[in-house]
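Numbering (the UniProt record's numbering), first residue to last: 1 to 272. Only one structure is covered here, and it is reproduced in the block below.
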Amino acid sequence: MPDTRQPRGSAGVTSEVWPSGGRHLWPSGGASAPQSHSRGHLVYAAGGVLTVHTDRGTSIVPADRIAWTPADCLHRHRAHGDTDMRIVFLAPSLARRIPDRPAVFLASGLAREVLLALTGPPRGDGGSAAQAYSRGARSRLLRVLVDELRETREQPLHLPEPQDDRLRSLARILSQTPADNSTLAELGRAVGAGSRTLSRLLRDELGMTFHELRTQLRIHHALVLLADGHDTTRTAHACGWANPSSFITAFTHIIGTTPGRYRTGGAGRRDR
1 MPDTRQPRGS AGVTSEVWPS GGRHLWPSGG ASAPQSHSRG HLVYAAGGVL TVHTDRGTSI
61 VPADRIAWTP ADCLHRHRAH GDTDMRIVFL APSLARRIPD RPAVFLASGL AREVLLALTG
121 PPRGDGGSAA QAYSRGARSR LLRVLVDELR ETREQPLHLP EPQDDRLRSL ARILSQTPAD
181 NSTLAELGRA VGAGSRTLSR LLRDELGMTF HELRTQLRIH HALVLLADGH DTTRTAHACG
241 WANPSSFITA FTHIIGTTPG RYRTGGAGRR DR
């Protein structure tokens, strides 16, 4: 990939790269080595689900979401389900219009179409899809893409990395055992802190409540299970919801579509 400091890609990855971006076809479970780029970049999963891990936290990229990673930010990608990852690099003049931290944005229909157009399969003459546009046209399309992202609110699919060891231990327990319904007080005994202390740390470090953190981590896990082909009922129970209806409500509130529609590709994902 251009402008990178990274080792060779993982086995099984099919890549097409060019100066302005690229397309990587990852097998389920595929993961990149830690890497960084001299330019910030946007990633979108035209198929499957991506997670983007940085030292600042983890972003999950399902259908209709676009993840932003700033320049020189060490990161790695992981695919859940066979994943068609699209990547677009931004010049500093455009990157400064996006927050200088990892973030996840809603992909509007226009943003998605622009991103897919710039990262589509190679043309018949061997050139990249991006090369079908003049330099001026690519610049205009990238400005449209950034404008669309700025018009949408950031999505609650980036979880910051806790700094406090007790909070980090709490998040690890919740992530590893999403079906566990232990109270904050019960989990506090396991990590060596009272519920009041943990509630304060959650508010100060992550800006969320215990319920919000657990729900976010459960939704992350649910997206991975759905990408791997699990049905709604099985996913609901595996992630700690007492019944599918409560899971559907929580999932729809955060993701914007039902688990069933998401699983069957009805969340707006388009192949190109």
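We treat Cβ as the ideally placed atom computed from N, Cα and C, and that holds for glycine.
Which residue from Y44, P19 and D82 puts its Cα closest to that of G30? Translated into the one-based positions of the sequence shown, residue 30 becomes position 30. It is D82 whose Cα lies nearest to the Cα of G30.
Y262 versus H37: straight-line alpha-carbon distance, rounded: The residue given as residue 262 occupies position 262 in the sequence shown. The residue given as residue 37 occupies position 37 in the sequence shown. If I take the Cα positions, the gap works out to 31 Å.
Where S245 and F251 are concerned, what is the direct C-alpha to C-alpha distance, given to the nearest angstrom? Working through the sequence shown from its first residue, we reach residue 245 at position 245. Working through the sequence shown from its first residue, we reach residue 251 at position 251. So the two alpha carbons sit approximately 10 Å from each other.
Can the beta-carbon of R218 be found closer than 7 Å to that of P178? The residue you call residue 218 lines up with position 218 of the sequence shown. The residue you call residue 178 lines up with position 178 of the sequence shown. It is a contact, given that the beta carbons lie within the stated cut-off.
Sorted by chain position, which residues of the same chain lie with C-beta nearer than 8 Å to N243's C-beta, five sequence neighbours on each side aside? The residue given as residue 243 occupies position 243 in the sequence shown. These residues qualify, in order along the chain: A236.
Helix, strand or coil: which one does DSSP assign to I254? Within the sequence shown, residue 254 is the residue found at index 254, counting from 1. Helix.
Provide the residue span of the beta strand (DSSP E) that contains Y133, from first to last. In the sequence shown, the residue the question calls residue 133 occupies position 133. From DSSP, Y133 is part of no beta strand (DSSP E); its letter is neither H nor E.
If we count the other Cβ atoms within 10 Å of its Cβ and call it buried at 16 or more, is residue 277 buried or exposed? Absent from the model: residue 277. The displayed extent of the chain is 1 to 272, so no value can be given.
Is it right to say P162 is buried, meaning 16 or more other beta carbons lie within 10 angstroms of its own, or is it exposed? One-based indexing of the sequence shown puts residue 162 at position 162. Classification for P162: buried.
With the cut-off set at 7 Å, would you say L106 and T152 are in Cβ contact? As a working mapping, residue 106 is identified with position 106 in the sequence shown. As a working mapping, residue 152 is identified with position 152 in the sequence shown. Yes, Cβ-Cβ distance for L106 and T152 is below 7 Å.
Compute the Euclidean distance between the alpha carbons of L167 and L149, then round it to the nearest angstrom. Working through the sequence shown from its first residue, we reach residue 167 at position 167. Working through the sequence shown from its first residue, we reach residue 149 at position 149. Looking at the two C-alpha atoms, the distance is approximately 31 Å.
Tell me whether the region 219–236 and the region 196–210 touch, counting them as touching only if at least three CB pairs, one residue from each stretch, are closer than 8 Å. no
Which runs of the beta strand (DSSP E), 3 residues or longer, sit entirely within the region 140–200? 158–160
So what's G30 in DSSP terms, helix, strand or just coil? Against the sequence shown, residue 30 aligns to sequence position 30. Of the three classes helix, strand and coil, the one that applies to G30 here is coil, per DSSP.
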